[in-house]
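Scroll down for the structure; my scribbles are underneath it.
2 protein chains.
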Amino acid sequence: MKQKTERRNFIKSSLLALSGAIFYKSKLAANANYDVDSSTGALLHTPNDTLNVIHNLHTTHGNFSHKEIPEADLEQIRLASVHGANSSNMQTYSIILVKDRQKIKDITTYEGSALFLFCVDFNRLIDCAKQLGHAYYPDNMTNFVTASINTTIAAQTAVIAAQSMGLDTLLTNGIHRGDMQRVWDILELPQEKCFPLIALVLGYATEEPLYHAGRLDGVGIFHEEKYHKLTTEEINEIIATYDNKEKHLGLYENWDQDGHAHYLDWLHSYWLGRASEPTKSETAVFSFIKRSGFVES
Amino acid sequence: MKQKTERRNFIKSSLLALSGAIFYKSKLAANANYDVDSSTGALLHTPNDTLNVIHNLHTTHGNFSHKEIPEADLEQIRLASVHGANSSNMQTYSIILVKDRQKIKDITTYEGSALFLFCVDFNRLIDCAKQLGHAYYPDNMTNFVTASINTTIAAQTAVIAAQSMGLDTLLTNGIHRGDMQRVWDILELPQEKCFPLIALVLGYATEEPLYHAGRLDGVGIFHEEKYHKLTTEEINEIIATYDNKEKHLGLYENWDQDGHAHYLDWLHSYWLGRASEPTKSETAVFSFIKRSGFVES
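Line order of the protein sequences matches chains A and B.
Its first residue numbered 41, the first sequence is counted upward by one per residue in the working numbering.
Its first residue numbered 41, the second sequence is counted upward by one per residue in the working numbering.
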């Protein structure tokens, strides 16, 4: 029982759909051009404002205030979002701005002042092709993967634009949890050739976080010239890095109060429970990608 | 014959794996806070340096010089890349830095000073789980889609970091063209639970482009509160927007010299030829996603 209640509270208070931010910069700081706080090791200056924004990226876990976002700011983010690269400049996405707060909650399970929903979408291109008498069949997984990359690039560009303007953000794949059909129903998405990929909730956090989530930024993430298979020693180092609370890599800081020896014990026995066995049936995401017509036979 | 030679030259000179940049800002400019060049309609100022970087994002189409990138700059980009959001802070990616120029060409088909290859990768997490005695099966399309989002977020964060530092970039899915097995072979990628998703080629362009590629940034891309199905009139407007050469939306500026009435005629009859019929057999991308173990039965 304790575990169930705790799990529910945990999910309610801090479900990290997509968790935020930055922390450990010792390796960078070893380079000559950067100043470092000698007590914390934190980087004091990055070479430009954009890198500062990137180093300060962080996720607001649903605690957005009721303050409205100025229309000009939303427009700025919207126009920024399309400037990322995209394959053959075909912009195989649609970006839906939602300001109705109840709708935002129904779609993402989170509250916020505005939502940008980034969808893989070929319907505009198909409509134009038909109008000109061309047959066009974006009907396979290559189309889906390429369009997903285009779509995610737009979403992350919007995140960086928003945070540069002082807005708080939450990127979430909450749209893929629960009954996914709701997203199609609420937003009247086309059933074919359109797939809601990633949601960006925007607003103003009611309070600053105590810390920004950290990141692994060494061996196992970065490889040189070719893929490096981890040694047992390196695996143990990574496990220990997750256990180092000062690095804030975990979703839950009190994992050790639950009798777990390591943070990753908590993650696997508790958070990733369903993934401890092979997948038994088709996931909803795959079913909806199929229904959208992006899986060749 | 003419068409074949022309196609080859076109591909050689300007294959837009993932094309760049920004152009039309009239809608934004309609807001009060921004100055506009009255002759061109271009935005003169954006509210901060980061937005300036975003509005100036553009792709270098392979014309990189032989100049080396300072090690500190590569390190800065590498560390910036991990600061994007990622699901449950599990960082389900690997980032491989390649400086061997021949290898870069063999992998991407492009030349450049450095390559960051962003791979969906669960091997680090699986290794750690095994070491601690946990079973972990990231074996379905939901895992793949979620990890692809994480991986692309890292890639676009790296692009914005690099361009803020004055580097030129090319994001390409060239790794998915030709014999994909070469990427596994050259970089010794694990056969399972690892998939090379997107490549970022970095360097210094030998010359500035004459213009930055434009973007559609109106109806059909942006939707309000719900999905808007295009009217015939709107479809015709989008077709006309592609035909407006001043917007630089096309991959090829001389489409009308080839007897096409519209840019999209050129795109469909020439560039997207293979997509004019339904996909007949499994694409290589889907085959490799399956082999990587990300497709549930």
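Every residue, glycine too, gets a C-beta built ideally from N, C-alpha and C.
Since the structure is predicted, the reported quantities are computational estimates derived from the model, not experimental observations.
Burial state of residue i (16 or more Cβ within 10 Å)
| i | result |
| --- | --- |
| A:His-216 | buried |
| A:Ser-321 | exposed |
| B:Leu-250 | exposed |
| A:Gln-142 | exposed |
| A:Arg-255 | buried |
| A:Met-190 | Just to set this straight, residue 190 of chain A is Asn in the shown sequence, not Met. Buried, since its Cβ has 16 or more Cβ neighbours within 10 Å. |
| B:Gly-152 | buried |
| B:Val-325 | buried |
| A:His-106 | exposed |
| A:Gln-196 | buried |
| A:Thr-246 | exposed |
| B:Glu-286 | exposed |
| B:Ala-154 | buried |
| B:Ala-120 | buried |
| B:Asn-284 | exposed |
| B:Pro-318 | exposed |
| B:Arg-222 | exposed |
| A:Ser-337 | exposed |
| B:Leu-114 | buried |
Near the ligand FMN: residue i beta-carbon under 8 Å from a heavy atom
| i | result |
| --- | --- |
| A:Ser-321 | This structure simply doesn't include the ligand FMN, nor any ligand for that matter. |
Chain B residues whose Cβ lies nearer than 8 Å to that of residue i
| i | result |
| --- | --- |
| A:Gln-171 | Thr-272, Ile-275, Asn-276 and Ile-279 |
| A:Thr-182 | His-216, Thr-323, Ala-324, Val-325 and Phe-326 |
Partner residues on chain A for residue i, Cβ-Cβ distance less than 8 Å
| i | result |
| --- | --- |
| B:His-101 | Correct list: empty, because the minimum Cβ distance to chain A is about 11 Å. |
| B:Pro-230 | Tyr-267 and Lys-269 |
| B:Met-205 | Pro-87, Asn-88 and Leu-91 |
| B:Leu-237 | Val-185 and Ile-189 |
| B:Ala-201 | Thr-90, Leu-91 and Ile-94 |
Residue i to residue j span [Cα, whole Å]
| i | j | result |
| --- | --- | --- |
| A:Asn-92 | B:Ser-204 | 11 Å |
| A:Asn-213 | A:Ile-238 | 5 Å |
| B:Arg-331 | A:Asn-183 | 18 Å |
| A:His-308 | B:Gln-231 | 23 Å |
| B:Asn-103 | A:Thr-272 | 42 Å |
| B:Asn-15 | A:Glu-111 | In the structure displayed, chain B extends from 41 to 337; residue 15 of chain B sits before or after that span and is not available. |
| A:Gly-173 | B:Ser-316 | 11 Å |
| A:Asp-140 | A:Phe-156 | 12 Å |
| B:Val-335 | B:Asp-179 | 6 Å |
| A:Tyr-310 | B:Thr-186 | 19 Å |
| B:Leu-291 | A:Gly-299 | 59 Å |
| B:Ile-94 | B:Tyr-282 | 22 Å |
| B:Ile-109 | B:Thr-209 | 12 Å |
| A:His-302 | B:Leu-165 | 14 Å |
| B:Gly-258 | B:Glu-277 | 10 Å |
| B:Met-220 | B:Glu-228 | 13 Å |
| B:Ile-13 | B:Ala-202 | Only positions 41 to 337 of chain B appear in the structure, and residue 13 of chain B is not among them; the question remains open. |
| A:Gln-297 | A:Asp-305 | 12 Å |
| B:Leu-211 | A:Ala-125 | 7 Å |
| A:Tyr-341 | A:Lys-145 | No statement about residue 341 of chain A is possible, as the shown extent of chain A runs from 41 to 337 and does not include it. |
Interface partners of residue i on chain B, CB under 7 Å
| i | result |
| --- | --- |
| A:Pro-178 | Ala-315 |
| A:Glu-248 | The premise fails here: A:Glu-248 is roughly 17 Å from chain B at the closest Cβ pair, so nothing lies under 7 Å. |
| A:Thr-352 | Limits of chain A in this structure are 41 at one end and 337 at the other, which puts residue 352 of chain A out of reach. |
| A:Leu-114 | Within chain B, no residue comes near A:Leu-114; the closest Cβ sits about 10 Å away, beyond 7 Å. |
Residue i versus the options, residue with shortest Cα-Cα distance
| i | options | result |
| --- | --- | --- |
| A:Tyr-176 | B:Leu-172, B:Gly-313, B:Lys-287 and B:Gly-152 | B:Gly-313 |
| A:Gly-218 | A:Ile-147, A:Gly-124, A:Thr-100 and A:Asp-89 | A:Ile-147 |
| B:His-268 | A:Val-335, A:Thr-323 and A:Cys-234 | A:Cys-234 |
| A:Phe-162 | B:Asn-284, B:Val-199 and B:Ile-261 | B:Ile-261 |
| A:Val-160 | A:Asn-103, A:Glu-273, A:Met-181 and A:Thr-272 | A:Met-181 |
| A:Thr-192 | A:Trp-224, A:Pro-178, A:His-174 and A:Ser-127 | A:Ser-127 |
| A:Val-138 | B:Glu-265, B:Leu-270 and B:Ile-279 | B:Glu-265 |
| B:Cys-168 | A:Ile-275, A:Gln-297, A:Thr-323 and A:Tyr-310 | A:Ile-275 |
| B:Val-342 | B:Leu-240, B:His-302 and B:Ala-280 | Within the shown structure, residues of chain B are numbered from 41 to 337, placing residue 342 of chain B beyond reach of any answer. |
| B:Gln-131 | A:Asn-294, A:Ala-253 and A:Lys-145 | A:Ala-253 |
| A:Thr-149 | A:His-101, A:Val-259 and A:Ala-202 | A:His-101 |
| A:Phe-345 | A:Lys-145, A:Gln-171, A:Ile-144 and A:Ile-136 | Here chain A covers residues 41 to 337 and nothing more, so residue 345 of chain A does not appear. |
| A:Ile-117 | A:Ile-144, A:Asn-294 and A:Leu-242 | A:Leu-242 |
Neighbouring residues, chain A, relative to residue i (Cβ below 9 Å)
| i | result |
| --- | --- |
| B:His-174 | Leu-304, Asp-305, Leu-307, His-308, Ser-309, Leu-312 and Ser-316 |
| B:Glu-336 | Pro-318, Thr-319, Lys-320, Ser-321, Glu-322, Thr-323 and Phe-326 |
| B:Leu-97 | His-123, Gly-124, Ala-125 and Thr-197 |
Under 9 Å by beta carbon: chain B residues contacting residue i
| i | result |
| --- | --- |
| A:Glu-36 | Beyond the ends of chain A as shown, which are 41 and 337, falls residue 36 of chain A; an answer cannot be given. |
| A:Glu-264 | Ile-136, Leu-137, Val-138 and Lys-139 |
| A:Gln-329 | Reading the sequence as shown, one finds Ile at residue 329 of chain A and not Gln. By Cβ distance, chain B contributes Met-181 and Val-185. |
Chain A contact residues for residue i, given Cβ-Cβ distances below 7 Å
| i | result |
| --- | --- |
| B:Ile-261 | Val-122, Gln-131, Ser-134 and Ile-135 |
| B:Val-93 | Thr-90 |
| B:Ile-193 | Thr-192 and Gln-196 |
* 4-residue-minimum alpha helix (DSSP H) runs that sit fully inside the stretch 152-198 of chain A, ordered along the chain -> 163-171
* Asked: Can you list the alpha helix (DSSP H) stretches of 4 or more residues lying completely in the stretch 102-133 of chain B, in chain order?
  -> 111-121
* **Entirely enclosed alpha helix (DSSP H) segments - the stretch 264-337 of chain A, minimum 4 residues** => 272-283, 303-306 and 324-331
* Please specify which runs of the beta strand (DSSP E), each continuous and at least 3 residues long, are wholly inside the stretch 202-268 of chain B, giving them in chain order. => 208-212, 234-243 and 262-264
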